[in-house]
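Counting in my numbering, the sequence shown runs from 1 upward without gaps.
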Amino acid sequence: MKTQDRLQLIVRILLVVAVAVLLRLQPLPVGLREAWGEAQQGSLEGLQTALAWQPWRGDLWESLGQALGTQGQAAEAAAALEEAHRLGALSAEGQVRLGDLYAELGQDERAEAWWFALLKQDSPPEAAYVRAAQVLRAGQRWAELEDTLRSGLRVHPNSAELSWQLGALLAASLDSGAEGYLRSAAQAEVTAAPAEELRQALLTAATSGGPSTYQLVGVGRALAGQGQWDLAELAFDQAVAADPSYAEAWAFRGEARYQTGADGSADVRQALKLNPQSVLAQALQALQYRRAGEGERALEILRRVAAQEPQEPAWQLEMGYAFIEMGDSAAALPYFQKAVTLAPERAALWRELAQFCIQYDADARALGLPAARQAVLLAPQDARSQDVMGWVLMNLGDYASAERFLQQALSLEDRSAQIHLHLGQLYLQMEDMERAFPHLTRARSLGKGTDTEILARRLLERFFDGG
1 MKTQDRLQLI VRILLVVAVA VLLRLQPLPV GLREAWGEAQ QGSLEGLQTA
51 LAWQPWRGDL WESLGQALGT QGQAAEAAAA LEEAHRLGAL SAEGQVRLGD
101 LYAELGQDER AEAWWFALLK QDSPPEAAYV RAAQVLRAGQ RWAELEDTLR
151 SGLRVHPNSA ELSWQLGALL AASLDSGAEG YLRSAAQAEV TAAPAEELRQ
201 ALLTAATSGG PSTYQLVGVG RALAGQGQWD LAELAFDQAV AADPSYAEAW
251 AFRGEARYQT GADGSADVRQ ALKLNPQSVL AQALQALQYR RAGEGERALE
301 ILRRVAAQEP QEPAWQLEMG YAFIEMGDSA AALPYFQKAV TLAPERAALW
351 RELAQFCIQY DADARALGLP AARQAVLLAP QDARSQDVMG WVLMNLGDYA
401 SAERFLQQAL SLEDRSAQIH LHLGQLYLQM EDMERAFPHL TRARSLGKGT
451 DTEILARRLL ERFFDGG
């Protein structure tokens with residue numbers, strides 16, 4: 001935020017509260033005591049009034065910034081936190097919040113510069129390393145990412161989040177140090193499930209006795225299964241380089257490239273050229289046809305693949321999605337149901353069924369709600385399971401329960417654009433605009449380049465004049 005803009009916002013805040021002070025018509029000591037009492041309770045008016053008398057109080061500016069932020073006034077909140085920083089009173093929590101506000105305001109370069117500036121101070125907060133790591137990872141600056149995570153762990157050796165991120169990064173290269181970091185991350189409740197899952201995949205690959213190419217593909221598949229497609233692509237890149245004749249490595253890399261925004265069709269064609277009978281390559285070719293709107297061609301391939309691997313639920317889901325894209329959601333439902341019967345222990349399949357029921361009006365109460373419950377039972381520490389449960393309950397009109405599950409999801413993954421979007425939608429349904437706004441702006445910021453960003457932006461334009 002430019003200095004001139006910040007000063008204008010500060011002046012605006014103080015002008016408003018100066019009027020409030022004059023209107024109280026009370027002796028200053030009494031008014032100050034009352035304002036201070038209100039400020040301690042987080043009252044916006046109390047903070048503003050106290051600052052009109054004590055504008056040198058950096059701690060009050062920080063409290064004001066936090067209060068303004070919760071009300072969706074991002075620009076004013078950032079200005080207040082900047083003033084606290086100028087006065088040398090911005091806490092570690094406030095420093096992190098200021099960077100997040102820059103991102104919410106669309107000032108990505110400012111946010112990035114802020115995170116890296118924080119890393120140069122003594123004992124930077126853990127969240128600063130996490131945010132900087134996200135910037136580096138988005139740019140696929142792998143060497144810098146590793147250095148930053150290692151630096152963060154030297155300052156915060158017990159950080160489960162930093163251990164998890166470093167373990168996942170090292171696993172993508174079969175680095176021998178990955179297992180130790182994943183083991184550490186698995187000790188913390190919030191990162192336990194994905195860290196242990198990846199650790200087991202890494203150990204399985206290491207003890208398989210196969211060539212490194214197969215090990216890399218195995219770990220890459222595990223990363224892809226967790227939605228970490230960027231790291232999966234890193235693993236598949238190395239697998240292709242190690243053995244250019246391995247068709248599955250090419251096929252997986254093609255899908256990873258698509259998932260990260262590139263064109264992976266040439267890789268899939270190369271996989272089929274190397275092995276025309278590859279189930280994986282055929283399935284990914286069918287997926288390409290689906291994306292191109294050629295549903296019948298996709299179904300023809302998927303039926304052939306499903307006959308080759310009748311116990312694999314993924315092919316059932318793919319056929320279901322093919323029917324959806326052809327406009328026949330009724331024909332799709334049996335495939336989603338068959339998928340969960342083939343592998344009832346997989347929470348992800350139950351989530352898929354629950355989401356299908358909500359999106360395509362397939363009896364959410366009788367089918368979607370039990371599916372969501374099963375997903376939570378199987379993976380209670382997975383934010384996606386808590387999120388889908390909240391989403392189902394919201395669509396069924398049980399707003400209180402929906403809020404409880406969505407807030408739990410947010411506590412497990414506070415940078416999920418989808419969870420913020422669902423919370424924003426819930427609060428809109430509850431006509432709680434004050435609470436809806438910050439979640440929608442967060443969804444817009446975190447979901448850049450995705451359908452989530454588009455929907456969040458539309459809701460902000462409709463209900464908040466663009467936010």
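All residues carry an ideal CB built from backbone N, CA and C; glycine is no exception.
- Buried or exposed for residue 487, please, with buried defined as at least 16 other CB atoms from any protein chain shown within 10 angstroms of its CB. Beyond the ends of the chain as shown, which are 1 and 467, falls residue 487; an answer cannot be given.
- Task: Leaving out five residues on either side along the sequence, give the residues of the same chain with a beta carbon under 8 Å from the beta carbon of residue 89.
- Result: 57, 58, 59, 61, 62
- Query: Okay, do the segment 252-261 and the segment 223-230 touch, 3+ Cβ pairs below 8 Å being the bar?
  - Reply: yes
- Query: According to the Cβ coordinates, are residue 241 and residue 218 closer than 8 Å?
  - Reply: When the beta-carbon positions are compared, residue 241 and residue 218 stay at least 8 Å from each other.
- Task: Taking 8 Å as the cut-off, decide whether the C-beta atoms of residue 104 and residue 411 are in contact.
- Result: no
- Message: Can you give me the C-alpha to C-alpha distance between residue 456 and residue 361, rounded to a whole angstrom?
- Response: 22 Å
- Rounded to a whole number of angstroms, what is the C-alpha to C-alpha distance between residue 416 and residue 407? Taking the Cα positions, residue 416 is about 12 Å away from residue 407.
- Taking one C-beta from the segment 156-166 and one from the segment 123-142 each time, how about it: are there three or more such pairs within less than 8 Å? yes
- Cα separation between residue 25 and residue 69? Unreliable placement is indicated for residue 25, whose pLDDT of 38 sits below 50; the coordinate value is still reported in the next sentence. Straight-line Cα distance between these residues: approximately 30 Å.
- If you draw a straight line from the alpha carbon of residue 531 to that of residue 74, how long is it in whole angstroms? Here the chain covers residues 1 to 467 and nothing more, so residue 531 does not appear.
- Identify the continuous alpha helix (DSSP H) that holds residue 422 and give its terminal residues. 417-429
- Who are the near neighbours of residue 65 in its chain, counting only those whose CB is closer than 6 Å to its CB and skipping five residues on each side? 77, 80, 81
- State the Cα-Cα distance for the pair residue 433 and residue 71, rounded to the nearest angstrom. 9 Å
- Item | Rounded straight-line distance, which links the Cα of residue 394 to that of residue 460 | 19 Å
- Based on Cα-Cα distance, which residue from 199, 371, 344, 400 lies nearest to residue 356? 371
- Task: Determine the extent of the alpha helix (DSSP H) in which residue 273 is found, giving its start and end residues.
- Result: Residue 273: member of the alpha helix (DSSP H) spanning 265-274, first to last residue.
- Message: Quick check: what's the CA-CA separation for residue 386 versus residue 191?
- Response: 15 Å
- Query: What is the rounded straight-line gap between the Cα of residue 122 and the Cα of residue 154?
  - Reply: Annotation: residue 122 to residue 154 spans about 12 Å, alpha carbon to alpha carbon.
- Query: Given that a residue counts as buried once 16 or more other Cβ atoms are within 10 Å of its Cβ, and exposed if not, what is residue 203?
  - Reply: The residue in question, residue 203, is exposed, as its Cβ has fewer than 16 Cβ neighbours within 10 Å.
- Under 8 Å, do residue 402 and residue 426 count as touching if we go by C-beta distance? yes
- Task: Put residue 399 into one of helix, strand or coil per three-state DSSP.
- Result: helix
- Message: Can you list, in chain order, the residues of its chain with a C-beta nearer than 8 Å to that of residue 148? Leave out the 5 residues immediately preceding and following it.
- Response: 119, 129, 132, 133, 136
- Unbroken beta strand (DSSP E) runs of length 3 or more, entirely within the segment 301-325: which are they? Correct list: empty.
- What separation, rounded to the nearest whole angstrom, lies between the Cα atoms of residue 465 and residue 419? About 22 Å.
- Residue closest to residue 253, alpha-carbon to alpha-carbon, out of 152, 233, 178: 233
- So what does DSSP say about residue 450, is it helix, strand or coil? coil
- Which term fits residue 207, buried or exposed, when burial requires 16 or more other beta carbons within 10 angstroms of its beta carbon? exposed
- Item | Sub-8 Å separation of residue 167 and residue 185 beta-carbons | yes
- When DSSP labels each residue in this structure, what does residue 278 get in the three-state scheme? Coil.
- Ignore the nearest five residues each way along the sequence and tell me which others in residue 449's own chain have a CB closer than 8 Å to its CB. 261
- Item | Neighbourhood of residue 146 by C-beta distance below 8 Å, restricted to the same chain and skipping five residues each side | 166, 169, 170
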